[in-house]
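Novice:
Residue numbers (the UniProt record's numbering), protein chains in the order written: chain G, 1 to 496; chain F, 1 to 496.
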């Protein structure tokens, strides 16, 4: 006990805020009494988040479902002097999706594309009435102005999921969409999507695993080719950018670091129609050329069935694979479909020009989960980051002005003028097609005239543009550093 | 087919090295024939790693089991002109263990402490006769001069583990040790160790999960305290450094980013005897003082039982916890114990002064899995990175000189003089105890005189020393950048 005695004595001398006598220790341990006493008021608050209907002496509460582009841009723009913000999402960060493909092969690190919500809107972790809950929304009750939630327990058996209710003055549904499989059997079981950071992590782990397994003695050449065959289904920007990154990774890093197996690895991009259909014809030709040059096999085909080691096309062709990435666009999630709210064509939550959900009060929907109602005469907007972000920005301003006009509370909005409706103006599209090559299409629509270019300049524009779009300075800094180190040292291949 | 036709035509024009006609595509897909033809010789080699006994026209083969400090330092030092190197390990990277504790709370990123083996010894991924296999060694046959291996499949159901055999001219066993639980029930099930990157990842995910769950409405204060009670068992350098990092994380980041729950989170360090027992008394007192000041509760006690949400001490005290980290030292792994080789006191593989395993030929053992035989009259060395590294360096030089003297082949070593035996000289110990505070003890042993200091200077020495010890420039760069960003922007709290 020499050491312990000395420690006690020391602690006494220092008269630290902590208990110092051994017994007291153990008591404090067993009773778990708080030692550093917070100000009572604060303590009470922090002990029980009050999520009942807001009292006149409280700020009105905006509940945000989701943490994607739309939700985060909204929360960033909301005036936290006028509102308390409560965010509910199974993910405590926003993913900078345009750069996600680069993380799969280690061009960028995972954290460089993940932005903690608490940094986008610090109020949720500091303001007394604002919160972030790591939970899924399980139900919306428009009449009661409340949502039902259930905590994420991440499969930890010792944790019981908690159910709780949050009442809102304004509800913003920004739940995004989910990858569509078109009901093709085996996709969910065998393919990896590319929408979240953990998807990118899974792809990276599997790719490196296959590279190493394929080098094992006694493995047949056929099996080796299968393990090292990376198949990408879907020729949209995500699929194309991932294929480009992959072929770049193969040409640069695999040839250098996996010399034994470099001749067995191949990338195949399968698309039912045209790749990058939203882009200008010239750019599409350029992309096709670049991808082919860098060794990506472009195959036009329709997937019929997905087995654990091969996919089967409509024409019966069997394509063995070691890694299958699925990026064939998105659709509304089962939860969004299940909501008893008006729907837009395609099953998204239907909104009017002000992004309100009609027939219910104080509910708004933005991002991939929402679409204009047919009655608006406007087309459902594409599921793009820039649409979601623009909607988030617009709605933040709308809600702020509503609050100024005294319409922040539940059921108090109807007599307030909402100002201009939301109008979307497409700023153009960009996509990389591998090393130092990209497409930039600045036309507002496929038909419109406008600048469209391809090659190194576009690649430079692509990088600069995204670097400036990255949310925080920290990540901007990290992305730049990642690009620099990848350029200097090559990609990281440690499988962690 | 417009797009497809155009693509074919384009590809023809460009006359790329890839097949261009759609049918050919599908054939090449189904038959999986290689397209970019490698030089036949190379191809043959890469198709079937030859791991049979080496022929006179081949280099002798050194098989290395493990990828820790000892194994990696050895591979780095081996003369690849004299030897082919084959490394077998379930991990394709080396972990820079002294900085692992910093990654749990985001002071450093995981990749900054992981060094791909292919970067430490490029030959294993490029030289024709050298390989890295992601596999576990399942058996050693000294008479046959061969090892049995089985590939790691990472729980992927579609993959059958491959068994294969490697014959060696020289075998180096550097399998390290595993965390010891002293047979205490429930440790393996409920505690997290701190030896691998995935451990640090698990700790970080769990810590952030608990921080968020504890903020959920309706959760009892007792449960909140439990979730946010971080218990560290073991007062060695790892336990102390982790406790320090954790309290630093709490004081800096939790208070800022999790203001709602900041008053409920506590760290308790449980140690049966003295913390940092290898250090000078003065330093130990200093560490005790610092830890207490920064809010770490030091408890002297012995753990009797570990349940899923609480641990029970010998005196019956129950300590509820949300996160339990176990770092009470290491012992030989079951596989090492199972090997039919001479053993040192403590059950490690017994070696003589030249790190040879007596009674068998061409087998060496280094690092935490090995220890001097009693017959050598030398004490078993502590399981430290610096011991392992020094042994790896020594053995590399020994094997290189053996090769020069023509003793590289199996059974050809005995008549060759091995030169000076291995002598370990302790360079001293370092440990951080939280923000800007560290201990540096440069005495060669507890009894010896020598410099020992504590405080900011030591902290500076600690950082500089480790920064220079980091293996690659890439990671040195990243560690520096991480420290910088943590200093400027705070730690990253996105839970990915």
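Glycine included, each C-beta is placed from N, C-alpha and C at the ideal position.
Shorter than 8 Å from the beta carbon of residue 476/F to some beta carbon of chain G?
Specialist: The residue labelled residue 476/F in the question sits at position 476 within the second chain. Not an interface residue.
Novice: Would you tell me roughly how many angstroms separate the C-alpha atoms of residue 96/F and residue 427/F, rounded to the nearest one?
Specialist: If you number the second chain from 1, residue 96/F lands on position 96. If you number the second chain from 1, residue 427/F lands on position 427. For residue 96/F and residue 427/F, the distance between alpha carbons rounds to 18 Å.
Novice: What whole-angstrom Cβ distance do residue 366/F and residue 388/F have, given they're in contact under 8 Å?
Specialist: Translated into positions along the second chain, residue 366/F becomes position 366. Translated into positions along the second chain, residue 388/F becomes position 388. Indeed they touch by this definition, with Cβ atoms about 7 Å apart.
Novice: Taking 8 Å as the CB-CB limit, is residue 34/G close to chain F?
Specialist: Stepping through the first chain from its first residue, residue 34/G is reached at position 34. Only weak support is given to the placement of residue 34/G: the predicted model assigns it a pLDDT of 37, under 50, and the value that follows is read from those uncertain coordinates. Yes, because at least one Cβ of chain F sits closer than 8 Å to the Cβ of residue 34/G.
Novice: Counting along the chain, where does the alpha helix (DSSP H) carrying residue 461/G start and finish?
Specialist: Walking along the first chain from the start, residue 461/G turns up at place 461. 456-469 is the span of the alpha helix (DSSP H), which, as asked, contains residue 461/G.
Novice: Are the CB atoms of residue 133/F and residue 216/G nearer to each other than 8 Å?
Specialist: Translated into positions along the second chain, residue 133/F becomes position 133. Translated into positions along the first chain, residue 216/G becomes position 216. A contact, by the Cβ cut-off of 8 Å.
Novice: Identify which residue in 330/G, 168/G, 112/G has its Cα closest to the Cα of residue 144/G.
Specialist: Here residue 144/G refers to the residue found at position 144 when the first chain is read from its first residue. Out of 330/G, 168/G, 112/G, 168/G has the C-alpha closest to the C-alpha of residue 144/G.
Novice: In the region 63-94 of chain G, which residues sit with their C-beta less than 7 Å from some C-beta in chain F, listed in chain order?
Specialist: Residues 92, 93.
Novice: Between the Cα of residue 164/F and the Cα atoms of 402/G, 121/G, 219/G, 304/G, which residue gives the shortest distance?
Specialist: Residue mapping note: residue 164/F aligns to position 164 of the second chain, counting from 1. Among 402/G, 121/G, 219/G, 304/G, the Cα nearest to that of residue 164/F is on 219/G.
Novice: Taking C-alpha atoms, which residue in 77/F, 454/F, 85/F, 81/F lies nearest to residue 51/F?
Specialist: Within the second chain, residue 51/F is the residue found at index 51, counting from 1. Among 77/F, 454/F, 85/F, 81/F, the Cα nearest to that of residue 51/F belongs to 85/F.
Novice: Looking at residue 444/G: is its Cβ nearer than 8 Å to the Cβ of residue 425/G?
Specialist: Sequence index remark: in the first chain, residue 444/G carries index 444 (1-based). Sequence index remark: in the first chain, residue 425/G carries index 425 (1-based). Cβ atoms of residue 444/G and residue 425/G: closer than 8 Å.
Novice: Taking residue 329/G as the reference, which of 161/G, 263/G, 391/G, 271/G has the closest Cα?
Specialist: Residue numbering aside, residue 329/G sits at position 329 when the first chain is read from its first letter. Measuring from the Cα of residue 329/G, the nearest candidate turns out to be 271/G.
Novice: Taking Cβ-Cβ distances shorter than 9 Å, what residues in chain F pair up with residue 162/G?
Specialist: Reading the first chain from its first residue, position 162 is the one you call residue 162/G. 213, 216, 217, 218, 219, listed in chain order.
Novice: Would you identify the three-state DSSP class for residue 181/F, choosing helix, strand or coil?
Specialist: By one-based count along the second chain, residue 181/F stands at place 181. Looking at residue 181/F - three-state DSSP - the assignment turns out to be coil, as it is neither helix nor strand.
Novice: Along the chain, where does the beta strand (DSSP E) containing residue 300/F start, and where does it finish?
Specialist: On the second chain, residue 300/F is found 300 positions in, with the first residue counted as 1. Residues 296-300.
Novice: Could you work out which residue in 416/G, 441/G, 459/G, 379/G is closest to residue 423/G when comparing CA atoms only?
Specialist: On the first chain, position 423 is the one that residue 423/G refers to. Considering only alpha carbons, the answer is 379/G.
Novice: Let me check one thing: in DSSP terms, what residues is residue 131/F bridge-paired to?
Specialist: Taking the first residue of the second chain as position 1, residue 131/F is located at position 131. Note: residue 131/F sits in a beta bridge opposite 86/F.
Novice: Let me confirm a value: residue 411/F is counted as buried when at least 16 other C-beta atoms fall within 10 Å, else exposed. Which label applies?
Specialist: Here the question's residue 411/F lines up with position 411 in the second chain. Label assigned to residue 411/F: exposed.
Novice: Mapping DSSP to helix, strand and coil, what is residue 136/F?
Specialist: In the second chain, counting from the first residue as 1, residue 136/F sits at position 136. Residue state, collapsed to three classes: strand.
Novice: Would you list, in chain order, the members of the region 242-256 of chain F that have their beta-carbon closer than 8 Å to a beta-carbon of chain G?
Specialist: Those residues of the region 242-256 of chain F that come within reach of chain G (Cβ to Cβ, closer than 8 Å) are 256.
Novice: Could you work out which residue in 109/G, 266/G, 321/G is closest to residue 190/G when comparing CA atoms only?
Specialist: Taking the first chain and counting its residues from 1, the one referred to as residue 190/G is at position 190. Selected option, being the one with the closest Cα: 321/G.
Novice: With a threshold of 16 other CB atoms inside 10 Å of the CB of residue 494/G, please say whether the residue is buried or exposed.
Specialist: Counting from one through the first chain, the residue named residue 494/G turns up at place 494. It is buried - the Cβ of residue 494/G has at least 16 other Cβ atoms within 10 Å.
Novice: Taking only beta-carbon positions, decide if residue 492/F is within less than 8 Å of chain G.
Specialist: Within the second chain, the letter at position 492 stands for residue 492/F. Answer yes: the Cβ-Cβ gap between residue 492/F and chain G drops below 8 Å somewhere.
Novice: Distance check for residue 492/F and residue 468/G, CA to CA, integer angstroms please.
Specialist: On the first chain, position 468 is the one that residue 468/G refers to. On the second chain, position 492 is the one that residue 492/F refers to. Each residue's alpha carbon lies about 20 Å from the other.
Novice: Could you run through the region 391-404 of chain G and flag, in chain order, every residue whose CB is less than 7 Å away from some CB of chain F?
Specialist: If the cut-off is 7 Å between Cβ atoms, the region 391-404 of chain G has nothing near chain F.
Novice: Which residue's Cα is closest to the Cα of residue 286/F: 146/F, 454/F, 53/F, 104/F?
Specialist: Counting from 1 along the second chain, the entry for residue 286/F is found at position 286. It is 454/F.
Novice: Got a sec? Which residues, its chain only, sit under 6 Å from residue 350/F by beta carbon, not counting five neighbours each side?
Specialist: Residue 350/F sits at position 350 when you count from the first residue of the second chain. Result list for residue 350/F: 342, 343, 344, 373, in chain order.
Novice: Compute the beta-carbon to beta-carbon distance between residue 93/G and residue 496/F, rounded to the nearest angstrom, for a pair I have assumed lies under 8 Å.
Specialist: Taking the first residue of the first chain as 1, we reach residue 93/G at position 93. Taking the first residue of the second chain as 1, we reach residue 496/F at position 496. With a Cβ gap of about 7 Å, residue 93/G and residue 496/F count as contacting.
Novice: Verify the CB distance criterion: does residue 197/F have a CB-CB separation below 8 Å to chain G?
Specialist: Here residue 197/F refers to the residue found at position 197 of the second chain. Residue 197/F counts as touching chain G.
Novice: In chain F, which residues lie with their C-beta within 7 Å of the C-beta of residue 126/G?
Specialist: If you number the first chain from 1, residue 126/G lands on position 126. Residues of chain F passing the Cβ test: 259.
Novice: Take residue 401/F as the anchor and find which of 439/F, 419/F, 414/F has the nearest alpha-carbon.
Specialist: One-based indexing of the second chain puts residue 401/F at position 401. The option with the nearest alpha carbon to residue 401/F is 419/F.
Novice: Would you check if the distance between the CB atom of residue 267/F and the CB atom of residue 235/F is smaller than 8 Å?
Specialist: Here the question's residue 267/F lines up with position 267 in the second chain. Here the question's residue 235/F lines up with position 235 in the second chain. No, Cβ-Cβ distance for residue 267/F and residue 235/F is not below 8 Å.
Novice: Would you give the residue range spanned by the beta strand (DSSP E) that residue 260/G belongs to?
Specialist: Locating residue 260/G in the first chain gives position 260, where the first residue counts as 1. It is not in any beta strand (DSSP E) - residue 260/G carries neither H nor E in the DSSP assignment.
Novice: Could you give the DSSP three-state label for residue 104/F: helix, strand or coil?
Specialist: To locate residue 104/F, count along the second chain from 1; it is residue 104. If DSSP states are grouped into helix, strand and coil, residue 104/F belongs with coil.
Novice: So which residues of chain G does residue 114/F contact, with C-beta pairs closer than 7 Å?
Specialist: Translated into positions along the second chain, residue 114/F becomes position 114. Simply 494, 496.
Novice: When DSSP labels each residue in this structure, what does residue 413/G get in the three-state scheme?
Specialist: By 1-based counting over the first chain, the position of residue 413/G is 413. Here residue 413/G sits in coil by DSSP.
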